[in-house]
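Residue numbers (the numbering used here), protein chains in the order written: chain A, 1 to 199; chain B, 200 to 409.
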Amino acid sequence: MRLRGYGVFACILLMLSTMGLAYAQWDDMVTVTSTLSFGVLDPLFVDPLECADYHTSPYTGKIVPGEFLGKEVGDFTCVYSDPVDSDGYKSILLELLNAYPGYIVICNFTLENVGTLDAHIAGLEIIDPTGTLSWDPIQDALVNGKGDPVIEITFQPEPVCNTLEPAETIEISMFVTLTQNAAQSTEYSFTATIGFEAV
Amino acid sequence: MNKTHIYSTLLVLAISLSAVGFAYSGWTDQIVIQGSFKMAHVSLTIISQKVITSQSVEEYSTISEGEITNDGNTLELTATNLKPCWFVWIGIVCQNQGSIPIWVKSPEIIFSDSNGLDEHFEYESYYYGPYPESTGFGNLELWGGVKVGEELLSDGTVDFYTPENPPPFKAQPMEKVVIWIWLHVKDTMPQDAQGEQITIYVNIMDDMAV
Numbered sequence: 001m002r003l004r005g006y007g008v009f010a011c012i013l014l015m016l017s018t019m020g021l022a023y024a025q026w027d028d029m030v031t032v033t034s035t036l037s038f039g040v041l042d043p044l045f046v047d048p049l050e051c052a053d054y055h056t057s058p059y060t061g062k063i064v065p066g067e068f069l070g071k072e073v074g075d076f077t078c079v080y081s082d083p084v085d086s087d088g089y090k091s092i093l094l095e096l097l098n099a100y101p102g103y104i105v106i107c108n109f110t111l112e113n114v115g116t117l118d119a120h121i122a123g124l125e126i127i128d129p130t131g132t133l134s135w136d137p138i139q140d141a142l143v144n145g146k147g148d149p150v151i152e153i154t155f156q157p158e159p160v161c162n163t164l165e166p167a168e169t170i171e172i173s174m175f176v177t178l179t180q181n182a183a184q185s186t187e188y189s190f191t192a193t194i195g196f197e198a199v
Numbered sequence: 200m201n202k203t204h205i206y207s208t209l210l211v212l213a214i215s216l217s218a219v220g221f222a223y224s225g226w227t228d229q230i231v232i233q234g235s236f237k238m239a240h241v242s243l244t245i246i247s248q249k250v251i252t253s254q255s256v257e258e259y260s261t262i263s264e265g266e267i268t269n270d271g272n273t274l275e276l277t278a279t280n281l282k283p284c285w286f287v288w289i290g291i292v293c294q295n296q297g298s299i300p301i302w303v304k305s306p307e308i309i310f311s312d313s314n315g316l317d318e319h320f321e322y323e324s325y326y327y328g329p330y331p332e333s334t335g336f337g338n339l340e341l342w343g344g345v346k347v348g349e350e351l352l353s354d355g356t357v358d359f360y361t362p363e364n365p366p367p368f369k370a371q372p373m374e375k376v377v378i379w380i381w382l383h384v385k386d387t388m389p390q391d392a393q394g395e396q397i398t399i400y401v402n403i404m405d406d407m408a409v
């Protein structure tokens, strides 16, 4: 019985090698040539970039342009940075000087999908690179060690979950407000990273 | 057979999904917004002071020269042998050494003795300014040659030509303010407190004016 099993096994091997040998005698070659052109995921900041300072009116409670009573106490600069060819920029640099509690700056920027793939805005992460403050998504603010909001940062419209088709743009306003918990003679910083993925 | 079919299907599905997933998540990009903020600072600082009284008070009471604390916010002085009718005039020149306008407010006067002796003091304050940074006070009417009994009277009134500017008022960065404070012991001062030494702290007060 065992011998029979070995015999069958041997026959199978013999047949397979014979087939291989016969097969190998006739050979030919087929060439497949293909050119692959990959799409590009390339979201960038594009012009225009417009920033202005505001304050909350003590009379109406609404955010209105300029500082209270036309004062010029706070100062800011707001520029695009890290250009990519002539298509756009990779970052925005916002600097506030002589800021004080209640000082508001609104930056209106434009995102454009200069790539060839649909760009889906998958995430927005805000951190303090120095570690002094931490982001609280419930208060939409960078908070101090006690959990008190120091810098409120909001976006209109909310960028996450938007998808930009190639050449499509979206205009977004970023509201930055320094609260009463901001300490004098102190330096603060933040980094907001908008993440995209190809769809 | 059915089982084999199912396993094959699952295997193909798993391979397909992982291939799709790899293709989907492999391409990402990001753009960044970087913000930096330098906060303003508020600083109303005492830059000059005078503590003067009448000759009659000096005969029985020792009053130290005022000392300005390191942070420039407080003037500290010590007086001995206080008794009813004792008085002193405290002059302070303050400067807004911050980076934003501030409201000048009434100073806070604190006594080292917490036994309620502050109830037996009364005071009046007079405010002048704000003056530009370049103002020299040597020849200023309300500072340079001021004397008790002439411009600063023992009853707590002043006799300056310069009009007073009651607080709160604004001082822009680097502007200066003059404050004269009359401190007087009322006749309600208890016997057992008279003759004691007391330390008086004058804290200047300010607030952001934006």
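Glycine residues also receive a C-beta, built at the ideal position from the N, C-alpha and C atoms.
Can you pull the chain B neighbours of residue i, defined as C-beta to C-beta under 8 Å?
i	result
tyrosine 100/A	Met238, Ala239, Ile299, Met407 and Val409
lysine 90/A	Ile230 and Val231
leucine 94/A	Ile232, Gln233, Gly234 and Ser235
Quick one: what's residue i bridged to in DSSP?
i	result
glycine 290/B	Lys249/B and Trp379/B
threonine 398/B	Thr277/B
leucine 93/A	Val79/A and Gln233/B
histidine 120/A	Thr163/A and Glu197/A
proline 43/A	Asn113/A
glutamate 125/A	Thr193/A
glutamate 266/B	Glu275/B
glutamate 187/A	Lys237/B
tyrosine 422/B	The structure shown does not extend to residue 422/B, since chain B is modelled only from 200 to 409, so the question has no answer here.
lysine 104/A	A quick correction: the sequence has isoleucine, not lysine, at residue 104/A. Tyr54/A and Thr177/A, per the DSSP bridge assignment.
threonine 356/B	In the DSSP output, where bridge partners are listed per residue, threonine 356/B has none listed.
alanine 99/A	Met238/B
aspartate 228/B	Phe196/A
List the endpoints of the continuous alpha helix (DSSP H) containing residue i.
i	result
glutamine 254/B	254–259
Between which two residues does the beta strand (DSSP E) harbouring residue i extend?
i	result
serine 324/B	320–330
lysine 369/B	368–370
glutamine 156/A	149–156
tryptophan 135/A	134–136
proline 159/A	That residue, proline 159/A, is in no beta strand (DSSP E); it is neither H nor E in DSSP.
threonine 169/A	169–178
valine 143/A	141–143
isoleucine 309/B	301–310
valine 345/B	Premise fails: valine 345/B is in no beta strand (DSSP E) and is neither H nor E.
valine 225/A	In the structure as shown, chain A starts at 1 and stops at 199, and residue 225/A therefore has no counterpart that could be examined.
What does a CB cutoff of less than 6 Å around residue i pick up in its chain, not counting 5 residues either side in sequence?
i	result
glutamine 390/B	none
asparagine 113/A	Pro43, Ala119, Leu164, Pro166 and Glu168
serine 224/B	Note that serine 224/B scores 48 on pLDDT, short of 50, meaning its location in the model is unreliable and no value can be drawn from it.
alanine 22/A	Legend: pLDDT at alanine 22/A = 49, less than 50; position of this residue unreliable, value from coordinates given subsequently. Once the five neighbours on either side are set aside, alanine 22/A has no close Cβ partner at all.
cysteine 11/A	none
glutamine 294/B	Thr244, Ile246 and Lys375
tryptophan 226/B	none
Keeping to the same chain, check which residues put their C-beta closer than 7 Å to that of residue i; ignore five residues upstream and five downstream.
i	result
leucine 316/B	Phe310, Ala392 and Ile397
phenylalanine 221/B	In this predicted model, phenylalanine 221/B has a pLDDT of only 46, less than 50, meaning its place in the structure is not dependable; the value taken from the coordinates is given anyway. There are no such residues.
asparagine 181/A	Asn144, Asp148, Pro149 and Val150
threonine 279/B	Ser260, Thr261 and Gln396
proline 65/A	Ala52 and Tyr54
proline 101/A	Leu178, Thr179, Gln180 and Ala182
glycine 88/A	Leu44, Phe45, Val46, Glu112 and Val114
serine 189/A	Asp128, Pro129 and Thr130
Would the beta-carbon of residue i be found less than 8 Å away from any heavy atom of the ligand ADP?
i	result
histidine 319/B	The ligand ADP is not part of the structure shown, which contains no ligands of any sort.
Mind pulling the chain A residues with CB within less than 9 Å of residue i?
i	result
threonine 227/B	Leu41, Ala122, Gly195, Phe196, Glu197 and Ala198
Determine the chain B residues that contact residue i at a beta-carbon separation under 9 Å, and present them in chain order.
i	result
phenylalanine 190/A	Ile232, Gln233, Gly234, Ser235 and Phe236
Residue i touches chain B at which residues, Cβ-Cβ below 7 Å?
i	result
valine 143/A	Here the premise fails: no neighbours, minimum Cβ distance about 15 Å.
alanine 182/A	Met238
phenylalanine 45/A	Ile230
threonine 186/A	Met238
phenylalanine 68/A	Val409
lysine 71/A	Val409
valine 176/A	Gly234
leucine 97/A	Lys237
So, for residue i: in the same chain, excluding its five sequence neighbours on each side, which residues have a beta-carbon less than 8 Å away from its beta-carbon?
i	result
threonine 273/B	Ile245, Ile267, Tyr400, Val401, Asn402 and Ile403
glutamine 248/B	Gly265, Ile267, Leu274, Ile289, Gly290, Ile291 and Val292
valine 30/A	none
Meets three-Cβ-pair contact criterion under 8 Å: the stretch 355–365 of chain B and the stretch 384–395 of chain B:
By the Cβ rule, the stretch 355–365 of chain B does not count as touching the stretch 384–395 of chain B, because fewer than three pairs are nearer than 8 Å.
Kindly confirm or deny that the stretch 136–146 of chain A and the stretch 78–91 of chain A touch, where touching means at least three C-beta pairs closer than 8 Å.
Three or more beta-carbon pairs separated by less than 8 Å are not found between the stretch 136–146 of chain A and the stretch 78–91 of chain A, which leaves the two stretches without contact.
Tell me whether the stretch 88–105 of chain A and the stretch 69–78 of chain A touch, counting them as touching only if at least three CB pairs, one residue from each stretch, are closer than 8 Å.
Here the stretch 88–105 of chain A lies against the stretch 69–78 of chain A, with 3 or more beta-carbon pairs under 8 Å apart.
With three or more C-beta pairs closer than 8 Å as the rule, is the stretch 324–333 of chain B touching the stretch 377–390 of chain B?
Output reads yes: the stretch 324–333 of chain B touches the stretch 377–390 of chain B.
Is the stretch 200–211 of chain B touching the stretch 154–164 of chain A, taking contact as three or more C-beta pairs under 8 Å?
Contact fails: fewer than three Cβ-Cβ distances are below 8 Å.
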